[in-house]
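Just so we're aligned: the sequence shown equals residues 1 to 258 in the UniProt record's numbering. The beta-carbon is built from N, C-alpha and C at its ideal position, and this holds for glycine as well. Small disclaimer: the values here were computed from a predicted structure and weren't measured. Read the structure below first, then the notes.
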Amino acid sequence: MRNKFIEARKTGRRTRTSHAQVVDELGKAIVAGTYPVGSILPGDTELAQRFKVSRTVLRETMKTLAAKGMVVAKARVGTRVTEKTLWNMFDSEIIAWHFDNGVTEEFLLQLYDIRLAVEPFAAGLVAERASTEEIETLRELAQEMAASGHTADSLALADLRFHLAIAEASHNPFMRTLGSLIEAALVGMFRISTPPSENGFANIADTHMRIVDAIVSGDSAAARRAMEVVIVDGRDHVHEAFAAHGSPVVLGPISPAI
């Protein structure tokens, strides 16, 4: 399973193409409000000089940002930054740019709202549809969370693998498209919280195993309830962390050790 959000935060810009670098810089600037909603981006000549790229690269950059819903080109006007309601908030890069600019409590809690709306139902589907092999994989992933020596990063990755496996085992391809959103919510929670041994994450394997037990018994309702407990617990950790640290929080890169 590819973890796009984690990979994006681990990968340095040195390996990126000119196109990707310009997309990243302009995307972050738009999210940060350097180019606010309704503003016109600088023209090709200025951007070409700033980024040392060709007009062809700039055209491809604008196409990419337009595909994400962030800009729209107008003849004789220029390229305008669109309303945030038009942005594709399921896009892994847009999510990452929010983290780079300082993620707020409101933003993370909104991620948890979507998780609550979707993941419990996915867990219920898994109870109805999962194969024996898929259930065994889920059990192993839940047990992995109980391993000693976890860091915040490694525990976030273990948790992420479990939730992506749930999406996969639901046998609904639309569930899998939420991977970047789930990833961002989990990474955000673990990175802004205190070490696992200090903030109640020690029971994380037990709460996830309850989801597996419900799936094994084929009890869809119990699987949904168990998943709700896990997500609400994560949401509570986010609220507690921001109460302790304040808002917004800029999260550093995920450890290369993952």
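* To do: Would you mind listing the beta strand (DSSP E) stretches within the segment 112–191 that are 3+ residues and don't spill past its ends, in chain order?
  => none
* Buried or exposed by the 16-neighbour rule on C-beta atoms within 10 Å, applied to histidine 150 -> buried
* For the beta strand (DSSP E) that valine 103 lies in, which residues bound it at each end? -> Premise fails: valine 103 is in no beta strand (DSSP E) and is neither H nor E.
* Candidates Phe99, Phe242, Leu157 and Ile40: which alpha carbon is nearest alanine 32's? -> Phe99
* State the CB to CB distance for the pair glutamate 144 and alanine 158, rounded to an integer number of angstroms; the pair is presumed to be in contact (CB under 8 Å). => 5 Å
* Asked: For the alpha helix (DSSP H) that contains glycine 27, what are its first and last residues?
  -> 18–32
* Asked: Does DSSP put residue 275 in a helix, a strand or coil?
  -> Residue 275 falls outside the range modelled here, since the chain spans only 1 to 258, and no answer is possible.
* Asked: How many angstroms separate the CA atom of isoleucine 215 from the CA atom of glutamate 133?
  -> 12 Å
* Drop a sphere of 10 angstroms on the beta-carbon of proline 36, count the other beta-carbons inside from all chains shown, and report buried for 16 or more, exposed for fewer. => exposed
* Compare the C-alpha of leucine 65 against each of Met89, Glu106, Ala142 and Val77 and name the closest. => Met89
* Rounded separation between histidine 237 and serine 217 - CA only -> 29 Å
* Three-state class that DSSP yields for glycine 38 in the structure shown -> coil
* To do: Would you decide whether aspartate 153 is buried or exposed? Buried here means 16 or more other CB atoms lie within 10 Å of its CB.
  => buried
* Out of curiosity, what's the CA-to-CA distance linking glycine 234 and threonine 34? -> 32 Å
* To do: Provide the residue span of the beta strand (DSSP E) that contains valine 53, from first to last.
  => Looking at the DSSP string, valine 53 is not in any beta strand (DSSP E), and its letter there is neither H nor E.
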